[in-house]
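Residues 1 to 111 in the numbering used here are what the sequence shown lists, from first letter to last.
Note that CB positions come from ideal geometry on N, CA and C, so glycine has one too.
Step one of this worksheet: look at the structure below.
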Amino acid sequence: MAYQDITGIQIAQAEVTTGYTTIYTVAASQRLYIKCVDVCNTSGAATTFTMHLVANGSSALVANALFYGSSIAANDNLQWTGTQLIDVGATIQVKASAANLTVTISGGIAV
Numbered sequence: 001m002a003y004q005d006i007t008g009i010q011i012a013q014a015e016v017t018t019g020y021t022t023i024y025t026v027a028a029s030q031r032l033y034i035k036c037v038d039v040c041n042t043s044g045a046a047t048t049f050t051m052h053l054v055a056n057g058s059s060a061l062v063a064n065a066l067f068y069g070s071s072i073a074a075n076d077n078l079q080w081t082g083t084q085l086i087d088v089g090a091t092i093q094v095k096a097s098a099a100n101l102t103v104t105i106s107g108g109i110a111v
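Structure (structure tokens):
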């Protein structure tokens, strides 16, 4: 399937909890482009952040981690830019060592 039209969007914005949470699932007949991930630590203590790009039917594994236990200093942020392509049915799953992070993901949807 050829993808011709790409629409820029804010893919997800969520508070990150201490257990894995799915913050986005790619819909049928779409392909997701991740271009930017911003993580904000709103507390006075360092917190670790983990994010997986999980293929349809799989689970969060070391092999599909984009971030894995990345430490974010107190009252600081982390920004990643690049290109990640995610296919139909795949999910973005996140977790943190404490519930004081906010993640914002931007990119596009190809249809």
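Ranked by how close their Cα comes to the Cα of residue 46, the residues 25, 58 and 75 have 75 in first place. Shown here, residue 73 sits in coil according to DSSP, grouped into three states, outside any helix or strand. Using a C-beta cut-off of 8 Å, the stretch 36–45 makes contact with the stretch 64–79, since at least three inter-stretch Cβ pairs fall below that distance. Secondary structure at residue 64: helix, using DSSP grouped into helix, strand and coil.
Take the alpha-carbon of residue 24 and the one of residue 91: they are about 6 Å apart.
It is roughly 9 Å from the alpha-carbon of residue 16 to the alpha-carbon of residue 97. Residue 103 is positioned such that its CB atom lies no closer than 8 Å to that of residue 28.
With fewer than 16 other Cβ atoms inside 10 Å of its own Cβ, residue 61 counts as exposed. Nearest to residue 99 by C-alpha distance, out of 5, 20 and 67, is 20. Per DSSP, residue 98 lies in no beta strand (DSSP E) and is assigned neither H nor E.
Residue 82 is positioned such that its CB atom lies no closer than 8 Å to that of residue 11.
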